[in-house]
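Written out below as structure tokens is the structure these notes cover.
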Amino acid sequence: MDFEENAKEDGECLLPQKKFYRQRAHANPMSDHDIIYPRTPQEMEWSGYYDDTDMTGRRVEFVDVGCGYGGLLMKLSPMFPDQFMVGMEIRVKVADFVRDKIQALRTREPGQYKNVCCLRTNAMKYLPNYFEKGQLSKMFFLYPDPHFKKAKHKWRIITPALIAEYAYLLRPGGIIYTISDVEDLHLWMKKHLSEHPLFEELTSAEMETDPVVPLLFESTEEGQKVTRNPPYFGDLMFEFRC
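Be aware that the sequence shown starts at 0, since it is given in numbering that gives the first Met the number 0, and climbs by one per residue.
The following block contains the structure:
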């Protein structure tokens, strides 16, 4: 979409509308999705995703896994202007929406949102293809697919095997953020993260001092639904310590 042309008479760039990008709530992560991905992190050319910003000596440090419509990313970008962040989304139309919104915001606010991008990819399969050991400082898993059926629990984004992968990618002191409005999934994530020897759950006091925590509820579409009609939900933060 050409956002230079998609403008109101007063010159303000229009933001994309979700109604034109609607898709199923979840996608099967085990299916073939015809995704192009780098063979190694060294082959990943990030600069083009960040408005051709010179990435020499700089690395992506925040990743929002299953970023949905990008609400969290749009809040994090101005809050952490010196940090590069990426949203990963497996659904085609949803990833297109996030990319179009980033481009529209860059057009509307020159010089802003150059530190955020979105990739259409399968994080369950290809995360280590994008990031080196100890590269990440924050990982977000907000309202992930609960995969209710027991036979599909292995598809959940928090499993012992995947947690070991996240430990490899996080730097010491790096943090995993999770939140869910499904009690079973919340308890599942808490159990498996707590059982990993390299992760330690942060206390309520530690969570209260983190400026990111309020965004877990306020920034995403799912979080706004929960706020309006609050069922059970839980948020967790685990720090990687080695």
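The beta-carbon is built from N, C-alpha and C at its ideal position, and this holds for glycine as well. No experiment lies behind these values; they were computed from the predicted model shown.
- In the three-state reduction of the DSSP assignment, S218 falls in the coil class, being assigned neither a helical nor a strand state.
- Under the three-state reduction of DSSP, Y112 is assigned to coil, being neither helix nor strand.
- Q41 is classed as exposed because its beta carbon has fewer than 16 other beta carbons within 10 Å across all chains shown.
- In its chain, beyond the 5 residues on either side, Y36 and P37 have a beta carbon closer than 6 angstroms to the beta carbon of N128.
- Short of 8 angstroms from the beta carbon of D234, and not among the five residues preceding or following it, lie these beta carbons of its own chain, in chain order: Y176, T177, I178, M206, V212, L215 and F216.
- Of the candidates K113, L192, V91 and S203, L192 places its Cα closest to the Cα of E164.
- Taking T52 as reference, the option from F130, L104, C116 and M138 with the minimal CA-CA separation is C116.
- Burial check for S203: the Cβ neighbour count within 10 Å stays below 16, so the residue is exposed.
- Separation of the CB atoms of V85 and L126 is rounded to 11 angstroms, and the pair is thereby denied contact status at 8 angstroms.
- With at least 16 other beta carbons inside 10 angstroms of its own, L184 counts as buried.
- Taking 7 angstroms as the cut-off, the Cβ atoms of E182 and R240 do not count as close.
- Secondary structure within the stretch 66–103: the alpha helix (DSSP H) runs of 4 or more consecutive residues, fully enclosed, are 70–78 (chain order).
- Rounded to whole angstroms, the gap between the alpha carbons of R105 and G172 is 31 angstroms.
- For G47, the three-state secondary structure derived from DSSP is helix.
- Spanning the alpha carbons of D99 and P15 requires a straight line of approximately 7 angstroms.
- Cα atoms of T55 and P109: separation of roughly 22 angstroms, rounded to the nearest angstrom.
- Taking a cut-off of 8 angstroms on C-beta distances, the stretch 131–140 touches the stretch 53–72, as three or more cross pairs fall below it.
- Membership of P127 in the alpha helix (DSSP H) is indicated by the continuous run A122 to Y129.
- Spatial neighbours of G133 in its own chain (CB-CB distance under 6 angstroms, excluding positions within 5 residues in sequence) are listed in chain order as R170.
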